[in-house]
Amino acid sequence: MTEENTSIFKGDTNKWSLGGMTALVTGGASGIGHAIVEELVGLGASVYTCDRDETVLNESLQRWNALGHPVTASVCDVTSRAERERLMKRVSATFDGKLNILVNNVGTIMMRPAEDITAEEYNLIMATNLESGFHLSQLAHSLMRQSGKGNIVFISSATSIVAMPSMCLYASTKGALNQIAKNLAFEWAKDNIRVNCVAPGLVETALAKQVADDESRAGVIGKTPLRRGGKAEEISSTVAFLCMSAASYITGQTIFVDGGFSL
């Protein structure tokens, strides 16, 4: 390796910072999304977030504003194409037509035997977990090109590569995100846009507790080498790293943050 190559970050004091960057995080009012918003803001980014739960979103926004965090937010149901388009117009107006980071965090979990899934449930899961992230990435593309560089992170899941009971539809959407990330990374590298996935295992959030009982969660933890569930902050720190200059040679990857569950 040449001296030139070994000193790629020489003089770059911002490689571990997100200072001056702009970000959109979907589903930022609670859970993993909330942790991602706080992680990015803490590292210097200005963040726009959205959520369909107006009450929880307003509570979070009030707390962020009281702390002086540069967070803007609006209510959005990302299953609606029209609402996604309106969201991106608001983001563009907020950040003067530029965007550095998109975190496609929104997702919903359904544990149901494959033979019992209805057409309505199928459409809902596909629109929430798959279609929304792909379409928002399309909409963000021009803003990222205008910014000179961009980072897209999809929140996938360890179930994208591990079969589990009653997770067929959910796991399929997450597996598709892994492949979308690979292909967008390949296609948009020319535009200086990196695309990656972060795939959590069991994370102890309110949503996880709603959809999986204590016995189910204990079963997953029993198959996890670290013998515990993850914390939302352990996911958000990985997301933030992928958006930094320190990760500038990482693209098209799925990073499993699952305590070893997928080994």
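Number 259 marks the last residue of the sequence shown (our numbering); no jumps. Just so it is clear, CB atoms sit at the ideal spot from N, CA and C, and this is done for glycine as well.
- The alpha-carbon separation between alanine 123 and aspartate 47 amounts to approximately 15 Å.
- Counting along the chain, the unbroken alpha helix (DSSP H) around threonine 90 starts and ends at 77 to 90.
- Bounds of the alpha helix (DSSP H) holding arginine 213 are 210 to 218.
- Cα atoms of valine 37 and histidine 65: separation of roughly 7 Å, rounded to the nearest angstrom.
- Around the CB of valine 207, fewer than 16 other CB atoms lie within 10 Å, so the residue is classed as exposed.
- For alanine 19, there is no enclosing alpha helix (DSSP H); the enclosing beta strand (DSSP E) covers residues 18 to 22.
- Contact between valine 87 and valine 235 does not hold, since the beta-carbon distance rounds to 18 Å and is not under 8 Å.
- DSSP, read as helix, strand or coil, puts arginine 59 in helix.
- Taking C-beta atoms as the reference points, valine 191 and glycine 226 fail to come closer than 9 Å.
- About 17 Å separates the beta carbons of aspartate 254 and proline 161, which is beyond the 8 Å limit, so they are not a contact pair.
- Phenylalanine 182 carries a helical assignment under DSSP once its states are collapsed to helix, strand and coil.
- Look at phenylalanine 257 here: in three-state DSSP terms it is coil, with no helix or strand label.
- Just measuring C-alpha positions, the residue of Ala167, Leu95 and Tyr118 sitting nearest isoleucine 148 is Leu95.
- Assigned with DSSP and collapsed to three states, asparagine 188 falls in coil, not helix or strand.
- CA-CA distance, leucine 39 to lysine 11, rounds to 11 Å.
- Within the DSSP bridge table, the entry for valine 71 names Asp47 as partners.
- Phenylalanine 252 is bridged by DSSP to Ala195.
- In this structure, leucine 83 sits away from alanine 41, with a CB-CB distance that is not shorter than 9 Å.
- Under the DSSP assignment, isoleucine 105 falls outside any beta strand (DSSP E); it carries neither an H nor an E label.
- For glycine 226, the secondary structure class from DSSP, reduced to helix, strand or coil, is strand.
- Judged by their CB atoms, threonine 45 and leucine 132 are not nearer to each other than the 9 Å cut-off.
- Secondary structure at glycine 64: coil, using DSSP grouped into helix, strand and coil.
- One alpha carbon belongs to glutamate 34, the other to leucine 139, and they sit about 23 Å apart.
- Rounded to whole angstroms, the Cβ separation of alanine 177 and glycine 248 is 6 Å, and the two are in contact under 8 Å.
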